[in-house]
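Residue numbers (the working numbering), protein chains in the order written: chain A, 1 to 114; chain B, 1001 to 1115. Encoded as structure tokens, the structure appears first; notes follow it.
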Amino acid sequence: SAVISQKPSRDICQRGTSLTIQCQVDSQVTMMFWYRQQPGQSLTLIATANQGSEATYESGFVIDKFPISRPNLTFSTLTVSNMSPEDSSIYLCSTRQGGGEKLFFGSGTQLSVL
Amino acid sequence: GENVEQHPSTLSVQEGDSAVIKCTYSDSASNYFPWYKQELGKGPQLIIDIRSNVGEKKDQRIAVTLNKTAKHFSLHITETQPEDSAVYFCAASGGYGGATNKLIFGTGTLLAVQP
């Protein structure tokens, strides 16, 4: 399975600030996915990040709020901008490896916004 | 789009008993159905998956069954152990490649195995 490293593992932030979450994969992958998991809830796809192109955002998520970078085939960042308490969630990076369909997740970033 | 419903939301069993979690999906084109286990403070871990051309798959104490006609699939855990306690998520997707490769997740089941 893919080894996905995510940092920070947790952070407490003030409203109005921004946080950038980093995701590193141990091998080159085509697509990386960012999910949000609100407290006690399921996983919701925020966007799909392909190297060399703009990320594709799901309904309800916009680039101005969640800008994503994908500078190479092993790395991506998600920024949560102008944060409010409603952004308090776990943010998860994920990818498929080796052209297969199995989706693997990082350990997540627990974000609390005060 | 795809919608996945999962039941029950919480499940408590005695150690050694079996646990069954059920999911239904709405999109008949979905053909890949994984199950994830999420322990506190960790990311979801893939524990078993099944494709639509297979009706059942087993891996030691874990099995998944799929009924394509009824559009539902289930996770079966036998001889439960305290370390099985976690949140379990089902998911469905239209398969790898193109716009249909998104995984849609169920709402999760909190499984508590009582020693």
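Even for Gly, the Cβ is constructed at its ideal location relative to N, Cα and C.
Asked: Could you tell me whether the Cβ of B:Phe1073 comes closer than 8 Å to any Cβ of chain A?; Found: no
Asked: Would you kindly report the start and end of the unbroken beta strand (DSSP E) that includes A:Leu43?; Found: 43 to 50
Asked: Counting along the chain, where does the beta strand (DSSP E) carrying B:Asn1031 start and finish?; Found: Unbroken run through B:Asn1031: none, as it is neither H nor E.
Asked: Can you tell me which of the three DSSP states A:Pro85 falls into?; Found: helix
Asked: In chain B, which residues lie with their C-beta within 9 Å of the C-beta of A:Ser107?; Found: Gly1041, Lys1042, Gly1043
Asked: Beta-carbon within less than 7 Å of A:Ala47's beta-carbon, same chain only, minus the 5 sequence neighbours each way: which residues are those?; Found: Trp34, Ala55, Thr56, Tyr57, Glu58, Phe61, Phe66, Ile68
Asked: Taking just the CA atoms, how far does B:Gly1043 sit from A:Leu111?; Found: 14 Å
Asked: For a contact meaning CB atoms closer than 8 Å, what does A:Lys102 contact in chain B?; Found: Pro1034, Leu1046, Asp1049
Asked: B:Val1064: buried (16+ other C-beta within 10 angstroms of its C-beta) or exposed?; Found: buried
Asked: Hey, out of B:Pro1115, B:Ile1077, B:Ala1091, B:Leu1075, whose CA is closest to B:Phe1105's CA?; Found: B:Ala1091
Asked: Answer yes or no: does any C-beta atom of chain A fall closer than 8 Å to that of B:Thr1109?; Found: no
Asked: Which chain B residues are close to A:Ser88, counting only those with a beta carbon under 9 Å from its beta carbon?; Found: The premise fails here: A:Ser88 is roughly 15 Å from chain B at the closest Cβ pair, so nothing lies under 9 Å.
Asked: Going straight from the alpha carbon of A:Cys13 to that of A:Ile90, what length do you get?; Found: 13 Å
Asked: Using beta carbons (cut-off 8 Å, strictly below), is B:Asn1003 in contact with chain A?; Found: no
Asked: Taking a Cβ distance cut-off of 9 Å, strictly less, list which residues of the stretch 68 to 92 of chain A are near chain B, in chain order.; Found: Ile90, Leu92
Asked: Quick one: is A:Asp133 buried, meaning 16 or more other Cβ sit within 10 Å of its Cβ, or exposed?; Found: Summary: the structure shown does not reach residue 133 of chain A, with chain A confined to residues 1 through 114, and so no result is reported for it.
Asked: Evaluate B:Gly1097 with the Cβ neighbour count: other Cβ atoms within 10 Å of its Cβ, from every protein chain shown; 16 or more gives buried, anything less gives exposed.; Found: Residue confidence is low: B:Gly1097 scores 47 on pLDDT, short of 50, so the model does not pin down where it sits. Its coordinate-derived value is still stated next. The residue in question, B:Gly1097, is exposed, as its Cβ has fewer than 16 Cβ neighbours within 10 Å.
Asked: So, with DSSP's three-state summary, where would you put B:Glu1005?; Found: strand
Asked: Can you name the residues that DSSP bridges to B:Ala1019?; Found: B:Ile1077
Asked: Pull out every residue of the stretch 42 to 54 of chain A whose Cβ sits closer than 9 Å to any Cβ of chain B, in chain order.; Found: Ser42, Leu43, Thr44, Leu45, Thr48
Asked: Spatial neighbours of A:Phe75 within its chain, please: CB distance less than 6 Å, with the 5 preceding and 5 following residues excluded, ordered by chain position.; Found: Gln24
Asked: Taking the beta carbon of A:Gln37 as the centre, do at least 16 other beta carbons fall within 10 Å, making it buried, or is it exposed?; Found: buried
Asked: Does the Cβ of B:Leu1040 have 16 or more other Cβ atoms within 10 Å, making it buried, or fewer, making it exposed?; Found: exposed
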